[in-house]
Amino acid sequence: MEQGFDGRIGVGDWISATSPEDEKLIGYVESVSGGTLKVRVTQCDRPETVGTTVETKTSKAKKLPDYEPSAPEQLRDLIELALLTHDKPWFEELMAKLGAGAAPSPAGRPGRGYPNRLRSRLTGKASGDGSEA
Numbered sequence: 001m002e003q004g005f006d007g008r009i010g011v012g013d014w015i016s017a018t019s020p021e022d023e024k025l026i027g028y029v030e031s032v033s034g035g036t037l038k039v040r041v042t043q044c045d046r047p048e049t050v051g052t053t054v055e056t057k058t059s060k061a062k063k064l065p066d067y068e069p070s071a072p073e074q075l076r077d078l079i080e081l082a083l084l085t086h087d088k089p090w091f092e093e094l095m096a097k098l099g100a101g102a103a104p105s106p107a108g109r110p111g112r113g114y115p116n117r118l119r120s121r122l123t124g125k126a127s128g129d130g131s132e133a
């Protein structure tokens, strides 16, 4: 397999690879040591391997492209995750992307994404008060 993008695979990268037992797998890199990757397997053609950590060579791995959500529903799911994890910078980035698309929000207010009751967790505005956050 060819390596993806700039050829460097690092910790946290999602990869598609072949294990030493010739299993096709997808997972994320937990560690890199020389030309060997330790990968937490999330998908595999052998179900018993899912959830385990396997070692594979960098030459047998291909870095997967970063996930870039585009549909409003996908952005809203990630906004919910940002709220749950209290990740304000990520929340603001996602809200900007959602606003740029001017997609109708669940509350029917174009471009807002979420009603104030959800946005207030990070902005400090009162829940459902109808004011802009």
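Residue numbers (full-length UniProt numbering): 1 to 133. Where is the CB? At the ideal position from N, CA and C, for every residue including glycine.
Which term fits residue i, buried or exposed, when burial requires 16 or more other beta carbons within 10 angstroms of its beta carbon?
i, result
"T53", "exposed"
"P106", "With a pLDDT of 49 at P106, under the threshold of 50, the modelled position of that residue is not reliable, and the figure given next carries that caveat. Exposed: under 16 other Cβ atoms inside 10 Å."
"Y19", "Looking at the sequence provided, one finds Ser at residue 19 rather than Tyr. So S19 ends up on the buried side."
"L98", "buried"
"G101", "exposed"
Please return the same chain residues whose Cβ sits closer than 7 Å to the Cβ of residue i, not counting the five positions on each side in sequence.
i, result
"K57", "G35, T36"
"T49", "E23, L25, V41"
"E93", "none"
What residues are listed by DSSP as bridge partners for residue i?
i, result
"W14", "Y28"
"G40", "Reading off the sequence, residue 40 comes out as Arg, not Gly. Per DSSP, Y28, T53."
Considering only the beta carbon of each residue, do residue i and residue j sit closer than 7 Å?
i, j, result
"K24", "D45", "yes"
"V39", "V11", "no"
"L64", "S31", "no"
Rounded to a whole number of angstroms, what is the C-alpha to C-alpha distance between residue i and residue j?
i, j, result
"W14", "R76", "22 Å"
"A82", "W90", "6 Å"
"A103", "P69", "Only weak support is given to the placement of A103: the predicted model assigns it a pLDDT of 47, under 50, and the question is left unresolved by the model."
"P110", "Y67", "Per-residue confidence for P110 stands at a pLDDT of 45, beneath the threshold of 50, marking its modelled position as unreliable; no derived number is given."
"M95", "I79", "7 Å"
"G51", "R8", "24 Å"
"residue 134", "P72", "Residue numbering for the chain in the displayed model covers 1 to 133; residue 134 lies beyond these limits and cannot be assessed."
"S33", "P47", "26 Å"
For residue i, which residues from the same chain have a beta carbon less than 6 Å from its beta carbon, with the 5 sequence-adjacent residues on both sides left out?
i, result
"E55", "T36, K38"
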